[in-house]
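Asks:
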Amino acid sequence: MGIKILQQSKSRKQKAEAYKLFAKASDMGNLKAMEKMADALLFGNFGMQNITAAIQLYESLAKEGSYKAQNALGFLSSCGIGMEYNQAKALIYYTFGSAGGSMISQMILGYRYLSGISVLQNCEVALSHYKKVADYIADKLEKSEGVPVEKVRLTERPENLSSNSEILDWDIYQYYKFLAERGDVQIQVSLGQLHLIGRKGLDQDYYKALYYFLKAAKAGSANAMAFIGKMYLEGNVAAPQNNATAFKYFSMAANKGNAIGLHGLGLLYFYGKGVPVNYAEALKYFQKAAEKGWPDAQFQLGFMYYSGSGVRKDYKLAFKYFYLASQSGQPLAIYYLAKMYATGTGVLRSCRTAVELYKGVCELGHWTEKFLTAYFAYKNGDIDSSLVQYALLAEMGYEVAQSNSAFILESKKAKILEKEKMYPMALLLWNRAAIQGNAFARVKIGDYHYYGYGTKKDYQTAATHYSIAANKHHSAQAMFNLAYMYEHGLGIAK
224 MGIKILQQSK SRKQKAEAYK LFAKASDMGN LKAMEKMADA LLFGNFGMQN ITAAIQLYES
284 LAKEGSYKAQ NALGFLSSCG IGMEYNQAKA LIYYTFGSAG GSMISQMILG YRYLSGISVL
344 QNCEVALSHY KKVADYIADK LEKSEGVPVE KVRLTERPEN LSSNSEILDW DIYQYYKFLA
404 ERGDVQIQVS LGQLHLIGRK GLDQDYYKAL YYFLKAAKAG SANAMAFIGK MYLEGNVAAP
464 QNNATAFKYF SMAANKGNAI GLHGLGLLYF YGKGVPVNYA EALKYFQKAA EKGWPDAQFQ
524 LGFMYYSGSG VRKDYKLAFK YFYLASQSGQ PLAIYYLAKM YATGTGVLRS CRTAVELYKG
584 VCELGHWTEK FLTAYFAYKN GDIDSSLVQY ALLAEMGYEV AQSNSAFILE SKKAKILEKE
644 KMYPMALLLW NRAAIQGNAF ARVKIGDYHY YGYGTKKDYQ TAATHYSIAA NKHHSAQAMF
704 NLAYMYEHGL GIAK
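224 is the number of the first residue of the sequence shown in the numbering used here; add one for each residue after it.
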């Protein structure tokens, strides 16, 4: 009952009620309820954070073979939160978690073997772990179950997070609604899209999405017509699945030369939805949409040539179209490119490239929802809850989460870690973020060595990191710091 309420509810009141039911069931020894309660206690859902109590539940669950508990204990051991900092023990927990089916443990192990964190760097082992998670994500994406989540950087606007462009400010949203009601077609389509997939902090709301799309379509918007077709093709509570209606709206959009509408017609003919399967027609519409730069159509062309659906198999053409689509971030195109690099199909095999591509797909998993809950926890002053969520995502290899965790730790506002542990942990996370290409993090490592935060003062090491940030990332701050060190002969000869 609690799980059903949790899945169907959107309000905090309903979710809090669900957790009350979990608490009762947990006291009665129900394992799933115990897992939910332990997570609530760990992440601080509804102000319930109690890490000691969470660990007790996880340890009981681990004895019963819970892979979620194994993963959580690995995370806590790795970070030294509520448990002894022990990377060897963390690795054992993660290994048991992955063997039990934890996608999060698989992803953590993939990142560890990719980066050589407490294990010998091994691309092939990393590939094995990432592939399992990517296969799972790709299956969800093919069923249209993947929803992108914004990853807000706390370092960019620490003094005014509410205005961060990744999350739509409530006042701005109200202004957009006003413009939409006044007849601004572009805003109507934008609001429809935001509600369709639940972006920028807005809840997914199919009724509102359809409402705005219908208003825009009535005003002649081809994009709105195409999105209505998409809604009816996929089916939801506001627009029940209806191939005929989908065909109607896709055709209206396609007649205006709209790429999304052309792609939609291609899908109908490719899968035989409401029309007989016709690969020639599908190919025609996909090509027209691809020529207009629509990445989903480029992916479909790649898939046709990859699988030999209605055309002769041609891995070079498949690679070409997958690559084109991947440049716009089309996730399934990235997934198939990874498969091709992993197996050497139509391209020279490259384990490293395959792993990097698979990693990108893995980072689209449903667990990215924690970026939003962590952000809002931070914004509301619940620093410990925010830190735990970002720290878990950081363990999974998300660079933004590594930077955000380090940022919170260096502020020394968190209470779940001893103050003397905060700078060393922050330095570790800044380092991981820097290795993944974050210029700000690279400068931070220089700062830590310059001032002796979490490590001994070392001007030479500081200068090395500033040089990397200046030469590789063209960081103005790093250039200034280097100039100052040259001027004063700090770690560098005058």
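C-beta atoms are modelled at their ideal positions from N, C-alpha and C, and glycine is treated no differently. For clarity, every value in this text was computed on a predicted model and none was experimentally measured.
Between which two residues does the alpha helix (DSSP H) harbouring leucine 655 extend?
Replies: First, the residue type needs correcting, since residue 655 is arginine and not leucine in the sequence shown. Run containing arginine 655: 642-658, per the alpha helix (DSSP H) assignment.
Asks: Helix, strand or coil, according to DSSP, for asparagine 603 in the structure here?
Replies: The answer is coil: DSSP assigns asparagine 603 none of H, G, I, E or B.
Asks: For the region 401-435, list the alpha helix (DSSP H) runs that are entirely contained and at least 4 residues long, ordered along the chain.
Replies: Those alpha helix (DSSP H) runs which fall completely within the region 401-435 and span 4+ residues are 408-420.
Asks: Report the three-state DSSP secondary structure of valine 611 (helix, strand or coil).
Replies: Of the three classes helix, strand and coil, the one that applies to valine 611 here is helix, per DSSP.
Asks: Just to confirm before moving on: does the CB-CB distance between leucine 425 and isoleucine 451 stay below 8 Å?
Replies: No; because the gap between Cβ atoms is not below 8 Å, this pair is not in contact.
Asks: In chain order, which continuous runs of the alpha helix (DSSP H) of length 4 or greater are located wholly inside the region 480-541?
Replies: Entirely contained in the region 480-541, the alpha helix (DSSP H) runs reaching 4 residues are, in chain order, 482-494, 502-514, 518-530.
Asks: Determine the direct distance from the alpha carbon of lysine 511 to that of methionine 475, and round the result to whole angstroms.
Replies: Methionine 475 and lysine 511: Cα-Cα distance of roughly 15 Å.
Asks: Buried or exposed: where does glutamate 287 fall if 16 or more other Cβ atoms within 10 Å of its Cβ makes it buried?
Replies: Label assigned to glutamate 287: exposed.
Asks: Where do the ends of the alpha helix (DSSP H) carrying glutamate 579 lie?
Replies: Unbroken alpha helix (DSSP H) run through glutamate 579: 574-585.
Asks: Determine the closest residue to phenylalanine 509 out of Ala699, Gln523, Tyr601, Ala447, with distance taken between C-alpha atoms.
Replies: The candidate whose alpha carbon is nearest that of phenylalanine 509 is Gln523.
Asks: Using DSSP with H/G/I as helix, E/B as strand and the rest coil, what is aspartate 681?
Replies: Three-state DSSP puts aspartate 681 in coil, outside helix and strand.
Asks: Buried or exposed for leucine 299, please, with buried defined as at least 16 other CB atoms from any protein chain shown within 10 angstroms of its CB.
Replies: Buried: at least 16 other Cβ atoms inside 10 Å.
Asks: Output needed for leucine 540: all residues of its chain with C-beta closer than 7 Å, excluding positions within five of it in sequence on either side, in chain order.
Replies: Tyr528, listed in sequence order.
Asks: Under three-state DSSP, which class holds glutamine 279?
Replies: Residue state, collapsed to three classes: helix.
Asks: May I ask you to report which of helix, strand or coil DSSP gives alanine 442?
Replies: Alanine 442: coil per DSSP, three-state reduction.
Asks: Tell me the rounded alpha-carbon separation between lysine 602 and glutamate 586.
Replies: Computed Cα separation, rounded: 23 Å.
Asks: Give a yes or no on whether the C-beta atoms belonging to valine 584 and alanine 561 are separated by under 8 Å.
Replies: Yes, they are a contact pair.
Asks: Going by beta-carbon coordinates alone, are tyrosine 682 and glycine 660 separated by less than 8 Å?
Replies: Cβ distance not < 8 Å, so tyrosine 682 and glycine 660 don't count as in contact.
Asks: Can you tell me whether leucine 616 is buried or exposed? The criterion is at least 16 other CB atoms within 10 Å of its CB, across all chains shown.
Replies: Looking at its Cβ environment, which holds 16 or more other Cβ atoms inside 10 Å, leucine 616 is buried.
Asks: Residues in its own chain within less than 7 Å of leucine 506 by CB, not counting five upstream and five downstream?
Replies: Hits under 7 Å: Met527, Gly533, Val534.
Asks: Would you identify the three-state DSSP class for lysine 638, choosing helix, strand or coil?
Replies: Note: lysine 638 maps to coil in three-state DSSP.
Asks: May I have the straight-line CA-CA distance separating tyrosine 544 from glutamine 521, to the nearest angstrom?
Replies: When rounded, the distance between both Cα atoms is 5 Å.
Asks: Taking 8 Å as the limit between beta carbons, can you name the residues of its chain near glutamate 382, skipping five residues before and five after?
Replies: Confidence at glutamate 382 is low in this model, with a pLDDT of 44, below 50, so the placement of that residue should be treated as unreliable; the coordinate-derived value is given next. Once the five neighbours on either side are set aside, glutamate 382 has no close Cβ partner at all.
Asks: Taking the alpha carbon of arginine 376 as the point to measure from, which residue in Phe470, Lys695, Ala597 has its own alpha carbon closest?
Replies: Comparing Cα-Cα distances from arginine 376 to each of Phe470, Lys695, Ala597, the minimum goes to Ala597.
Asks: If you drop the 5 nearest sequence neighbours on each side, which residues of the same chain put their C-beta closer than 6 Å to that of leucine 384?
Replies: For leucine 384, the predicted model reports a pLDDT of 42, less than 50, meaning its position is unreliable; a value from the coordinates is still stated below. These residues qualify, in order along the chain: Lys602.
Asks: Would you mind working out which of Lys582, Ala285, Cys302 sits nearest leucine 652, comparing C-alpha positions?
Replies: Of the listed residues, the one whose Cα sits closest to leucine 652 is Cys302.
Asks: Specify the secondary structure class of glutamate 347 as computed by DSSP and reduced to three states.
Replies: Helix at glutamate 347.
Asks: So, with DSSP's three-state summary, where would you put serine 386?
Replies: With a pLDDT of 42 at serine 386, under the threshold of 50, the modelled position of that residue is not reliable, and the figure given next carries that caveat. Serine 386: helix per DSSP, three-state reduction.
Asks: Decide if glycine 677 is buried, meaning its Cβ has at least 16 other Cβ atoms within 10 Å, or exposed.
Replies: Under this definition glycine 677 is a buried residue.
Asks: For lysine 635, count neighbouring Cβ atoms within 10 angstroms of its own Cβ and tell me buried if that reaches 16, exposed if not.
Replies: The residue is exposed, with fewer than 16 neighbouring Cβ atoms inside 10 Å.
Asks: Three or more C-beta pairs closer than 8 Å, one from the region 351-367 and one from the region 321-329: is that the case here?
Replies: Yes, since at least three Cβ pairs between the region 351-367 and the region 321-329 fall closer than 8 Å, the two stretches touch.
Asks: Work out the CA separation of serine 321 and isoleucine 315 for me, nearest whole Å.
Replies: Rounded to whole angstroms, isoleucine 315 to serine 321 spans 10 Å at the Cα level.
Asks: Using 8 Å as the threshold, is the C-beta distance between leucine 456 and glycine 487 below it?
Replies: Yes, the Cβ-Cβ distance between leucine 456 and glycine 487 is below 8 Å.
Asks: Whole angstroms are fine: how far does the CA of glutamine 553 sit from the CA of alanine 292?
Replies: One C-alpha to the other measures close to 33 Å.
Asks: Just how far apart, CA to CA, sit leucine 280 and valine 611?
Replies: Cα to Cα, the separation comes out at about 17 Å.
Asks: With C-beta atoms as the reference, is phenylalanine 542 less than 8 Å away from glycine 567?
Replies: No, these two residues do not count as a Cβ contact at 8 Å.
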